[in-house]
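Chains as they are written, first to last, in this note's numbering: chain A, 1 to 354; chain B, 355 to 708.
Since the structure comes first, as structure tokens, the remarks are kept for the end.
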DNA sequence: GGTTAGCACTCGGGGCGTGAGAGTGCTAAC
DNA sequence: GTTAGCACTCTCACGCCCCGAGTGCTAACC
């Protein structure tokens, strides 16, 4: 006991082995793990009594918990954390699984949205928890092409293609009837004013046009104004669309059979804010980060873990892929899978924006 | 009893009143309804004993059920059906609610996608069940504008604006390095070949280009080919994107506290096929159709009801709005709300495609 | 003849005690 | 330091019983 107090840091190898075994058993069964079950199933080379002693120590240090006196132990978030730390040294995904994932990626048509959906779906099917992917997004955008198309007698559709991929479309009410030629002309004007501009650049153009004499055409002005707003919004958000697949997998977990908790999680995923907040913590390529239970800032996420990795090139288009599952989750496999998929996404982004 | 056998059709007014009361009580409480509770709470002017007699009749005719001998009654799908028939004569939504919904619609930027999302969200918040909306989709599409934009050294982004709104984007792998001017030229060529074409027309163009000599540029050919496929896919699908909001509301219902059933429903909503199948049954404008429990073709939907209405003009862009909830659902309010929102969507579509 | 009061009957749910089983913590021996 | 042994604790499943809600039936009533 004295020993333990002296070194709160690293655990003895045997203790760690036992912790590991408990976690793996608990992940597999979702049942509190007893000392007896552990020795029979894991060949630890010690007796149940010894295991019990170690368990008591681990519990005193906060790595384990037990729901009541005569129940087995289960890992705390701190326990999972230690476990995850011990395995983050890259373990490659099994070749078979690599192949399966690559195969799935091969199927996709290159419609960008499908792409992220596919990444999420692949992660979900491979890990049996929920997969998450955000669209790749450069830190700032430029206008690549811009177009104004009639969309009815009093409506025009403004289509903005941003550099590096995304296409934005908004409808504009048209003050007066315009024929197609007029729109075509406006479209040309828009193009020459805005092509290649950043949000700030477009803002400047807007300023010039507003002050111009003779006064600029009203519709043109509104189109520019709308484009500026659209680009500002784009730049301001950390993540573009969030795609999640396989949330049903998570609902299947016994800890969520009562729908109470899961619905709060659904809610959090709806708004893209949460993943955006996490982005700054996902910096270096290829590094998978794990957020376990109460480590998540958002209270609704206290019962789940996130395994996330960034993809893309620092300073260029970036996004996030990962999985969401119960804290009782097969971390090693999840981490390997997420790392592999993020690598794959890297390749694709490189290919695209090299 | 003889009477009942003679006229299986319309129910006596009193029986119908009692059925109505039972349904309303059950909708409110989610508990089987007893004869005693009914007379005290609904002032039916008869004694519990009489109510019991009527209940027995209603049960014999299949409008009611009871889970066990000494439990109260609950409505069957057939019971709900009769109830719904009796209220489908348009009841306008309360002015306050109309105002609230209109207000919510006023908020939206006219980005088309947001629009349908908003419709679904509005329905969800107003009815406290899940809201559903599909994007408006014309029966067949034409190319309104088409553009080929560089998206990296070996990638080009093909952007197709279809008449009446939707914008499609796909990525094409580029066989050899092309500079922006070349792409610009190709873009022009695409435009002149395809603008105004229907899927069939584009197909013909593709045929001509394939046979041409000197042979058409490979990238151009692939772009045309991809456009044809995209348009065919578009024409072939009955519905475009399906937006659903507020599924959490449904999860809250006590009948779904065990997540078993709800997850199958989630699954069905994922693929757009189901709503597409229903489209043919939603013909006349302003008519709200109700699909109750087992009336739904899909087995996963046997525990829920759909209240749906089409919007848009027959032969022009059309879509569906509606709500999804437990069969135990506040139908009158849901029907009024769906009717009102579909009317609103009609206005908007008219405004757009007049 | 339809309606009602009265009453016996039925069934589910909640509260309670019990016993089995799993697992612990402690002590004493190895 | 490790292990065997043992008493203790707590949950869970089962069976039991009783209560209450609600029915269905019969006989009286208007």
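Note that beta-carbon positions come from the ideal geometry of N, C-alpha and C, so glycine has one too.
Beta-ladder partner(s) of residue i, from DSSP
i, result
"residue 323/A", "131/A and 307/A"
"residue 156/A", "150/A and 172/A"
"residue 292/A", "305/A"
"residue 84/A", "Its beta-bridge partners do not exist; DSSP assigns none."
"residue 369/B", "Per DSSP, none; premise fails for residue 369/B."
"residue 418/B", "429/B"
"residue 198/A", "142/A"
"residue 393/B", "Looking at the DSSP assignment, residue 393/B forms no beta bridge with any residue, so it has no partner."
"residue 318/A", "137/A and 312/A"
"residue 33/A", "73/A"
"residue 167/A", "161/A"
Closer than 8 Å to chain B by CB, residue i
i, result
"residue 7/A", "In this prediction, residue 7/A scores a pLDDT of 46, lower than 50, which makes its location untrustworthy; the coordinate-derived value is nonetheless stated afterwards. No, its Cβ sits nowhere closer than 8 Å to a Cβ of chain B."
"residue 149/A", "yes"
"residue 105/A", "no"
"residue 274/A", "no"
"residue 116/A", "no"
"residue 251/A", "yes"
"residue 188/A", "no"
"residue 152/A", "yes"
"residue 263/A", "yes"
"residue 222/A", "no"
"residue 203/A", "no"
"residue 31/A", "no"
"residue 145/A", "yes"
"residue 160/A", "no"
"residue 169/A", "yes"
Neighbour flag for residue i against chain A, beta carbons, 8 Å
i, result
"residue 706/B", "yes"
"residue 511/B", "yes"
"residue 357/B", "With a pLDDT of 41 at residue 357/B, under the threshold of 50, the predicted position of this residue should be treated as unreliable, though the coordinate-derived value follows. No, residue 357/B lies away from the interface with chain A (no Cβ there is under 8 Å from its Cβ)."
"residue 602/B", "yes"
"residue 620/B", "yes"
"residue 378/B", "no"
"residue 699/B", "no"
"residue 519/B", "yes"
Reference residue i, options the options, closest by Cα
i, options, result
"residue 335/B", "474/B, 507/B, 511/B and 467/B", "Since the displayed chain B opens at 355 and closes at 708, residue 335/B lies outside it and no answer follows."
"residue 26/A", "205/A, 75/A, 324/A and 36/A", "75/A"
"residue 173/A", "240/A, 153/A and 36/A", "153/A"
"residue 497/B", "581/B, 482/B and 425/B", "581/B"
"residue 488/B", "401/B, 633/B, 687/B and 688/B", "633/B"
"residue 335/A", "170/A, 123/A, 166/A and 185/A", "123/A"
"residue 665/B", "567/B, 702/B, 679/B and 677/B", "702/B"
"residue 481/B", "412/B, 683/B and 699/B", "683/B"
"residue 679/B", "599/B, 631/B and 568/B", "599/B"
"residue 313/A", "343/A, 331/A, 70/A and 247/A", "343/A"
"residue 719/B", "412/B, 375/B and 415/B", "Because chain B here runs from 355 to 708, residue 719/B falls outside it and cannot be looked at."
"residue 168/A", "211/A, 240/A and 104/A", "240/A"
"residue 564/B", "575/B, 630/B and 556/B", "575/B"
"residue 442/B", "601/B, 404/B and 644/B", "644/B"
"residue 328/B", "499/B, 531/B, 532/B and 536/B", "Residue 328/B lies beyond the stretch modelled for chain B, which goes from 355 to 708, so this question has no answer here."
Sub-8 Å separation of residue i and residue j beta-carbons
i, j, result
"residue 674/B", "residue 636/B", "yes"
"residue 14/A", "residue 35/A", "no"
"residue 199/A", "residue 155/A", "no"
"residue 162/A", "residue 234/A", "yes"
"residue 695/B", "residue 486/B", "no"
"residue 577/B", "residue 512/B", "yes"
"residue 534/B", "residue 504/B", "yes"
"residue 413/A", "residue 292/A", "Given that chain A is displayed from residue 1 to residue 354, the structure contains no residue 413/A and the question cannot be resolved."
"residue 692/B", "residue 603/B", "no"
"residue 470/B", "residue 597/B", "yes"
"residue 386/B", "residue 435/B", "no"
"residue 307/A", "residue 323/A", "yes"
"residue 651/B", "residue 631/B", "yes"
*Residue ranges of each beta strand (DSSP E) run of no fewer than 3 residues wholly in the segment 560-605 of chain B, ordered along the chain?*
Segments of the beta strand (DSSP E) lying fully in the segment 560-605 of chain B: 596-599.
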